[in-house]
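For the sequence shown, the working numbering assigns the number 2 to the initial residue and increments by one for each residue that follows.
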Amino acid sequence: MATIPSRLAAATRTSGSFDVARKRALTLYRDWYRAAPSIITLYSLNLPPSTIRAKVRQEFEKHRHLDDLNVIDLVLLKGRQEYQETMNVWKQETHLMRWFMAEEAPAKPQTFLEKFYAGRDEDQV
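The following block contains the structure:
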C-alpha cells in the first residue's frame with residue numbers, strides 16, 4: 002500500500018463550544034476504534050484488536066475531564082496527528098508497543114532486599 006501523506010490530513014480547527022469539541026473527540030475516537038484491525042494488519046502485531054481499543058479508550062478517558070477549550074483542541078490535534086502517523090505507517094512496531102510498556106513493566110523494587118535481588122542499589126550511585 003502506497004503512503005499518501007494527505008490521505009488522512011485534516012486542517013487545524015478550533016472548537017467554538019464544548020459541543021463541537023465533544024463531536025470532534027467522538028469522531029477521532031471512532032476513527033481509532035474502527036482502525037484497530039487495520040493497525041494490527043499494517044504492523045503485524047500479535048495482539049487482538051480489543052487490546053488496541055482498550056488502550057485507545059484508556060487514553061481518551063485520561064483526558065475526559067479537561068475543561069479548557071484550547072487544551073481540548075490541542076489534545077485533539079495531537080490525537081489526530083498520532084492517528085495519521087499510525088495509519089500512514091510512519092511509525093515502527095516499537096513505537097506502537099511503547100503504548101503497552103507501562104502495563105507490562107515490572108514494578109520498581111522498593112525495599113533494600115528487593116533492590117539487592119534485582120541487582121540495583123540506586124541510593125549508592
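Note that the Cβ used here is the ideal one computed from N, Cα and C, for glycine as well.
Being a predicted model, the structure only gives us computed values, none of them experimental.
query                                                                                                                                          : result
Report the three-state DSSP secondary structure of ILE41 (helix, strand or coil).                                                              : helix
Can you give me the C-alpha to C-alpha distance between ASN47 and THR112, rounded to a whole angstrom?                                         : 35 Å
In whole angstroms, what separates the C-alpha of TYR30 from that of GLU115?                                                                   : 41 Å
If you drop the 5 nearest sequence neighbours on each side, which residues of the same chain put their C-beta closer than 6 Å to that of LEU1? : Outside the displayed range of the chain (2 to 126) lies residue 1, so it cannot be described from this structure.
Between MET88 and LEU9, what straight-line distance do the alpha-carbon atoms span, to the nearest angstrom?                                   : 8 Å
When we look at the beta-carbon of VAL57 and count the other beta-carbons within 10 Å, is it buried (16 or more) or exposed?                   : buried
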